[in-house]
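Trainee: Pasting a structure here, questions to come.
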Amino acid sequence: ARAERCVMVGDMPSDLEPAAGLGMRTEQVSAARDLAEVARRLEECVAVLERESGLRLWRVPDRDNIDGAHPYYGEDDGRLFVRAHERGKLVRDEVHESVDGVVESLVTDMAAQLARTYEARHRRPREDSRRQWFHLSELWLSRVELAWGDRLHSDHVAVLRESPFNDDRDVP
């Protein structure tokens with residue numbers, strides 16, 4: 001391949017300089033660009049979740065820490081994260097290697113939130129509420145990204161091994 005037809009992508013100028021010296025095109029990636037991509041992708045995913053569920057999210061995670069255990073995302077030392085604070089205490093701290101990891105984490109939360117809201121409005125007497133939560137969150141998440149729904153299903157299977165559905169209890 002001719003050098004001018006190749007592109008080198010990196011996050012450090014020192015990574016790109018040798019490629020540029022060979023006549024290759026270079027593209028520097030940055031956390032700022034990644035954060036903009038997270039915001040763009042979240043907007044797309046929210047549209048799918050709201051369309052599929054018929055519900056509106058009251059809050060979409062962004063870069064602001066509003067406490068109350070509400071997740072937010074950002075960048076620290078070139079690494080993407082998802083965090084949440086409750087009464088000023090850090091209660092969630094995830095580091096992700098990619099935009100996709102951040103988006104999957106946040107969209108999974110939003111799908112679960114919508115599923116819980118739907119279940120509360122359509123409660124079935126004497127049925128374990130997780131039946132609707134799990135099913136709907138997996139379904140709606142799969143409509144955004146099939147692999148994400150599959151991973152959530154696997155997580156739910158593990159939960160149910162430890163705590164099976166209990167449909168016989170009387171729930172107010």
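In this note's numbering, the protein residues as written are 1 to 172. Beta carbons: idealized from backbone N, C-alpha and C, even for Gly.
#1: Between the alpha carbons of arginine 151 and glutamate 145, how many angstroms are there, rounded?
#2: How far does the beta strand (DSSP E) with valine 91 in it extend, from its first residue to its last?
#3: Per DSSP, alanine 84 is paired with what?
#4: Of all the options Trp133, Ala111, Met110 and Thr108, which has the alpha carbon lying nearest to the alpha carbon of alanine 120?
#5: Does DSSP classify glycine 74 as helix, strand or coil?
#6: Compute the Euclidean distance between the alpha carbons of arginine 83 and glutamate 44, then round it to the nearest angstrom.
#7: Mapping the DSSP letters down to three states, classify arginine 33 as helix, strand or coil.
#8: Give the range of the alpha helix (DSSP H) segment to which leucine 106 is assigned.
Mentor: In terms of the structure at hand:
#1: 10 Å
#2: Element bounds for valine 91: 89-96.
#3: Answer is Arg92, bridged to alanine 84.
#4: Closest in alpha carbon position to alanine 120, among Trp133, Ala111, Met110 and Thr108, is Trp133.
#5: DSSP, read as helix, strand or coil, puts glycine 74 in strand.
#6: 21 Å
#7: helix
#8: 99-121
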